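What follows is a single structure, written as structure tokens, with notes after it.
Residue numbers (UniProt numbering): 1 to 132.
What follows is the structure, encoded as structure tokens:
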């Protein structure tokens, strides 16, 4: 599974939305949009779901309210968010099945974005549909 946090950022109001491209082993590509706060929500849900892996779950880059829209700050944050997602996605436990990460990607469950569309699917359902 490959994860790419795109270089293009959509600015909506006073926050940044990251475009994330996830390439699945099946050849399917999933494109999602997430705010930084949704990454924080994902990390919190991972820590709760996998307390025995707390030391393995990567930290997120910090916030900087003064420079949150500056190209330099965003240029530094983007690859760090990408490393976070790749580490989680490639982990043999956190990245498998229909767990927290799948719910976050597909917009369902407690780790899903509150303002996003909830698809009501599981990642395994998506893979089966694409492969059929």
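Note that CB positions come from ideal geometry on N, CA and C, so glycine has one too.
Quick caveat: nothing in here was measured; it's all calculated off a predicted structure.
Residue 29 sits in a strand when the DSSP states are folded into three classes.
The DSSP-derived three-state label of residue 18 is strand. With respect to residue 42, residue 101 sits close: the two C-beta atoms are nearer than 9 Å. Following the DSSP letters along the chain, one finds residue 102 inside the alpha helix (DSSP H) bounded by residues 100–106. For the pair residue 90 and residue 22, the CB atoms are not nearer than the 9 Å cut-off.
The C-beta distance from residue 46 to residue 57 rounds to 5 Å, short enough to fall under 8 Å. When 94, 107, 98 are compared, the shortest CA-CA separation from residue 51 is found for 94.
Per the DSSP secondary-structure output, residue 34 pairs in a beta bridge with 18.
Between residue 32 and residue 97, the gap from beta carbon to beta carbon reaches 9 Å or more. When C-alpha distances from residue 103 are compared across 72, 39, 54, 79, the shortest belongs to 39.
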